[in-house]
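A.B. asks:
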Amino acid sequence: MEPASIEGKNVESQVLLRSVNDAAVANSNRRKFILGGLLALAMIFIVTLAQSSGKGEVGAKTNDVDFKSADKPKDDSEGGSDFKSVDKAKDDSEDGSECELMDENGRFILDNSFASKDFASFLPGIGGAFGVPMWCFYVNRGQGVAAFGQTSKDFPLMEFYAANKAWQMTSDVGFRTYIRGERGHQSFSYQPFYSDVESELDGVTRTMYTGMNEFEIEEVNSKVGLQTNVVNWNIPNEAFPGLVRRATFKNIGNEDLSIELLDGLQILYPYGVTDAALTTIGRTLEAWMNVYGMDMDSTMPFYHLISSFADSEVVQMIKMGNYAFAFIESEDNIGDDGNYERLPFIVDPAVIYGNDTSLQSPDVFFSQSLSKTLETHQVTASKTPCGLYGAEFKLKQGEEITLVSVYGHANDQDQFTEVIVPKLSAPGYMDASRTAANQLTDSLTSTVTVESGSPIFDMYVKQNMLDNLLRGGIPIMLGDGNQTYPFHTYSRIHGDLERDYNYFVIAPTYYSNGPGNFRDVWQNRRNDVLQVPAVGDFNVRGFFSLIDYAGYNPMTVQAANFTIADPAVAAQVAQATGIQHTKTLEALTELFSGPGWLPGDIWQTIAQTGGTNMTVEGDPQAFLDYAVSQSDQTFNAVFTTGFWTDHWTYGLDLVDTYLMVFPDKEEELLFESEVTTFYGPSLVAPRSLKYVEFQGEARQIGSCYADPEKTAWAAKNGIWHLTADGEVMMLPVFTKILMLSTVRMAALDSQGMGLEMEGGKPGWLDALNGLPSFFGSSTPELSELTRQVKYLKEALGRIDQDVEVPEELSALMTAINSNLTALNAGELSDFQYWDNVYTAKETYREVTKLTFSGVKDTWSNADLIATLGAWEDKLAAGLQKAIDFNGGFVPTYFQWTATEYEYTEGEDDLGNPFVKVSAFEPTVLQKFLEGPVRYMKTLEADAKSEIYTAVKTSPIYDSVLQMFKISESLKELSPNVGRLAVFAAGWLENESVWLHMSYKFYLELLRGELWDEFWLEAKTGLCPFMEPSVYGRPLTEASSFIVSSANPDPNLWGQGFVSRLSGSTAEFLSMYNYMMSGPKPFSLDDDGNLQLTLAPVLPSWLFDEEENTISFTFLGAVSVTYHNPDMLNTWSIDSVDKIVLTMTDGSTTEVDGGVLGTDDATSVRNLEVTALDFYYASSS
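This is the structure in structure tokens:
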């Protein structure tokens, strides 16, 4: 999604974003630039947090009232919060030791967090379906929050810094608390959470609690007798974003305590600044900065630039702004309007620091009273402001007080003062808000609720689900009985403090979502249908619609949008809002009948044309469902950059998971569901334009380029490939997979041992960015093509269908077949076969560059089965040849040297002469894990054990960590092949444990029925079972990579880096679904009838020891409980005694044995069953 579109038609935002669009495109590559700076992480042990309530004597300088009591709204408040006291839940390990890892609220406990190694994480940035989100990143330094804002890095309240800088700077420029205290006539100054010097920390303990949608920090300082707790969460379900900071101070000393404090943000940036501007013209930008509202009431500061700062003939005045306000949560602080009275703010740093512009020490405040500080004149213009509120109060022994501050964004100052402040300062609101925030993430992850004998495993499943949906989105069914569509919300490109190279966008709208990378989106949607069966074939159709005629894809996937073709219907839908405002109705009609709208666009259009107080009458969800039911849905994407070798390989995974739920609908999926073909401006260059002589040798350079003719055609005709008569070309899913298989068959290397990196990008391991220029090829894609061709052949064996294919594709298939026949007859060499087929592929691409003719050829079922069989044989022979070439170990990557070539006419734009290659010589790269993993997917279950043994006895296995690395040593690999060769061993993609790939390996162990081996490896290789002090961050969070024992720094071995939003979450969820329900929950019996058989792969030690059970949520809604009386590994149990079904009406049905027949299986799939209890037979 182009960032300028995020704010819809808002002119103000468009002006501010005019320079951001290019940044979004330039930064959307998955890892275009690699993280700089060291990351390290945080850890764990036991803390017992005593909680007690108390009442204190407080006062604030907004008035002269001395408040007599302070409610305790922190955890178990009277306001109705669901949160319990921080009492650790225990996770019992096999040897009986107890590691207290989580509190009763399901939050992970990081004891002594500030003395631990650095780690970085984030709040999920979701506001609910009808809420506006805000992004917030945090670290275990200072007071946690390291950066936050709305939409992207270009709309910060607190500036975005990469993790290495955030760890350095958060303590100083983030949230701070300055306390002037007095106890027993002794005065002191104190800053909780500030010092990290051990000598100053005697008597101080610090703890961090990380939940799915909040984090809390705690400091207990026995020297000053004060306990400080700060909870942070984002406000959900509101038309505005806000970050809540709820601070509780408790007197744990032996005498009464008087406190004056300033608390808040050291630097609070006004709305209108951008990330690039702060970096390059930060001083100049101050001239535009202003804080409004301080002249009348210093309790509601509103921050924004006066106008746009671009050097342009158009100057846009800015009305949007960032806000801050605070109050004491106490019954005695309720004003005449029924809300909490607000606290005064300081926005001028000089009032606190004087001339100390480093903001290190608040000497001015520490040298005078709070009242005098607040009376000081504040400069609110042309300087970078702060945002700290002031308060004073008294606490008797054991008493505590809670202060709340909120920082966010408003459409204008009126919305802030008249809507946001009154609503959020109402008594009880914050309790309800915190509860709602945590219920939101709990609800989003309820589809994978597990109750086992390991609470940390159960929470890891839910956290993985949350992080998975943050990359791929969660499908919400929109529409009514007439028409429903899945809409994926909450998705975004995975940018954060450690992924500083990615430009993330979180739309500040209802049903928020942002653009995502193609591979990430479809990989992380792999399990959608297993959790939300109503999704059906949506993801299959979406994936294959976005594959182009050459087998490649756009880089950036945007949300599928809606349109209403009939303007009269669009006007009718607009009228259904109940709005009478003519301008708004016209704008809505134009929106609905336009090229594509998203749910959030409706409310943005209303706000922009009718004001923030105007909205849809009645239930907004009901209206949205009605609007969607009158619409058509279209997939959407933008090319942006590059053709990766592997992106197409994730499609068959979507087919596989669909058939795990709907095996009876395979024919409907393949031959009745139709898909489009993506059309973009770029293409893969022919050999004549990319084979060049570079630095004295033949290389492949400039493989992907924007063709002027294609660019013009795409600009005129849109993103779908057309036929000659101007119609969008529609193909059955089977035919589209056949098209993809055909163009991949024409992309084998000259020895048939791998697929060429002909598009200029490598495969999954894109840190091998230089390998394509060396005519690189890879076996993982060859294995995936083998699997895909085999599936098509077997599907035709089950479904007696002839197949129509575009005549241009038919010609390429025929060319492959004729040349393959000649190769098998000895009439062609491998090189000649490759050259002929490559030429046929180039011809196919040239004749279809603009359109397909629309003419189709029919291939009979028998002929196509024979063709696919011959292709499968060719691919199998190539794989075996590659394995033999590598001494019996499955290789992953090949580098090719052109041993013979001649010059042709012309040169490229860099002056490199074009060449024609007539001979190649392969060199196999070092051992990588990906080759064996993908190869295992082509094997039957009983053949995978040999690969497992080969990998475990190879240098890929890290015997110190008992994990599987991404590769063996790469110290002999040339840096010209890719950036990974310059990284330190064990770091990033150089010989680290890359969780995405090691998890893929574990998944194949499951699929290979190597269940003892899987659970053996799981005990050291799955995050929830790792040693927390070694892993270095919450065990609930996955990481992108773990530093292996190859790294030169032993202190880093086993630590996880670049957390959460990675492909490992999708691989784990696939493991989770397999271990909980088996390989094929739904299948067809010998007569073709639907049946349900759950065959979990669960070890005895994972069962709850008291109940002898494990429960999980099947299909996102059905509670399944396995009763294991003998506490055996489930794969060693002979039979299921019975299954008890609980229906939606509460009635139960008992079925003997472990298989549900068609009627019961259908009822389960239709979610007419609420619970299934499987009772394993007992030996006693």
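In this note's numbering, the protein residues as written are 24 to 1203.
Using N, Cα and C, we set each Cβ at its ideal position, and we do this for glycine too.
Please read all numbers here as calculations on a predicted model, not as lab measurements.
1. Identify every run of the beta strand (DSSP E) within the region 778 to 849, keeping only runs that are complete inside it and at least 3 residues long; order them along the chain.
2. How would you call A588, buried or exposed, if buried means at least 16 neighbouring beta carbons within 10 angstroms?
3. In this structure, how does DSSP classify S1201 when only helix, strand and coil are distinguished?
4. Check whether the Cβ atoms of P556 and V471 lie closer than 8 Å to each other.
5. Can you find the residues in the same chain that come closer than 6 Å, C-beta to C-beta, to P1047, ignoring five residues on each side of it along the sequence?
6. Using only the alpha-carbon positions, how far apart do E352 and M323 sit?
7. How many Å lie between Y326 and E1014 at the Cα?
8. Flag this pair as yes or no: are the beta carbons of R365 and E283 separated by less than 8 Å?
9. Cβ atoms of T174 and A530: under 8 Å apart, would you say?
10. Give me the Cα-Cα distance between A964 and I760, rounded to the nearest whole angstrom.
11. Helix, strand or coil: which one does DSSP assign to Q1078?
12. How close, in whole Å, do the beta carbons of N255 and T464 come, if the pair is a contact with beta carbons under 8 Å?
13. If you follow the beta strand (DSSP E) that R229 is part of, which residue opens it and which one closes it?
14. Curious, which full-length alpha helix (DSSP H) runs of at least 4 residues does the region 132 to 201 contain?
15. Where does M959 fall in DSSP's three states?
16. Are K975 and E1027 touching if we call contact CB-CB under 8 Å?
17. Give, in chain order, every unbroken run of the alpha helix (DSSP H) that is at least 4 residues long and sits entirely within the region 1026 to 1085.
18. Looking only at its chain, what residues have a beta carbon closer than 7 Å to the beta carbon of V812, apart from the 5 residues adjacent to it on each side?
19. Residues in its own chain within less than 8 Å of A65 by CB, not counting five upstream and five downstream?
20. Which whole-angstrom value describes the C-beta separation of P803 and T972, a residue pair presumed to lie in contact below a C-beta threshold of 8 Å?
21. Which of helix, strand or coil does DSSP assign to K988?
22. So within the region 294 to 367, which uninterrupted alpha helix (DSSP H) runs reach at least 4 residues, ignoring any that extend past its ends?
23. Between the C-alpha atoms of P1073 and V1081, what's the straight-line distance to the nearest angstrom?
24. Would DSSP call T1185 helix, strand or coil?
25. By DSSP's criteria, I1156 is part of a beta bridge. Which residues make up the other side?
26. Is F211 buried or exposed, if buried means 16 or more other CB atoms sit within 10 Å of its CB?
27. Pick out whichever of T1172, E969, T809, P215 has its Cα sitting closest to the Cα of G248.
28. Select from F694, G295, P618, S335 the residue whose C-alpha is nearest the C-alpha of Y346.
29. Taking G431 as part of the beta strand (DSSP E), name the residues at either end of that continuous run.
30. Of all the alpha helix (DSSP H) runs that stay within the bounds of the region 642 to 678, which reach a length of 4 or more residues?
31. If the criterion is Cβ atoms closer than 8 Å, does the pair D669 and G741 meet it?
32. I need the straight-line Cα distance from G11 to F527, nearest angstrom please.
33. Can E944 be considered in contact with the ligand ATP, in the sense that its beta carbon sits closer than 7 Å to one or more heavy atoms?
34. Can you give me the Cβ contacts of K273 inside the same chain, cut-off strictly under 6 Å, excluding the 5 residues immediately before and after it?
35. Between the C-alpha atoms of S696 and K733, what's the straight-line distance to the nearest angstrom?
36. DSSP three-state label for G623, please.
C.D. replies: So, to answer that:
1. The region 778 to 849 contains these whole beta strand (DSSP E) runs: 826 to 829.
2. exposed
3. The DSSP-derived three-state label of S1201 is coil.
4. no
5. These residues qualify, in order along the chain: I479, F480, Y483, L1058.
6. 17 Å
7. 47 Å
8. no
9. Yes, these two residues count as a Cβ contact at 8 Å.
10. 25 Å
11. coil
12. About 14 Å separates the two Cβ atoms, so there is no contact after all.
13. Start and end: 227 to 233.
14. For the region 132 to 201, whole alpha helix (DSSP H) runs of length 4 or above, ordered along the chain, are 186 to 196.
15. helix
16. no
17. 1034 to 1044, 1051 to 1054
18. S764, L891, W894, E895, L898
19. Annotation note: pLDDT 32 at A65 (below 50); position unreliable, coordinate value reported separately. Hits under 8 Å: L133, S136, S139, K140, D141, F142, N163, M231, G1055, R1056, P1057.
20. P803 to T972, Cβ: 20 Å. No contact.
21. coil
22. 298 to 308
23. As the crow flies, the alpha-carbon of P1073 is around 19 Å from that of V1081.
24. helix
25. Paired residues: none, contrary to the question.
26. exposed
27. P215
28. G295
29. 423 to 433
30. 643 to 652
31. no
32. For the chain, the structure presents residues 24 to 1203; residue 11 sits outside this window and is missing.
33. With respect to the ligand ATP, the structure offers nothing, as it holds no ligand at all.
34. If we look at K273 and ignore the five residues flanking it on each side, its Cβ neighbours are Q250, E423.
35. Their backbone Cα atoms lie some 28 Å apart in a straight line.
36. helix
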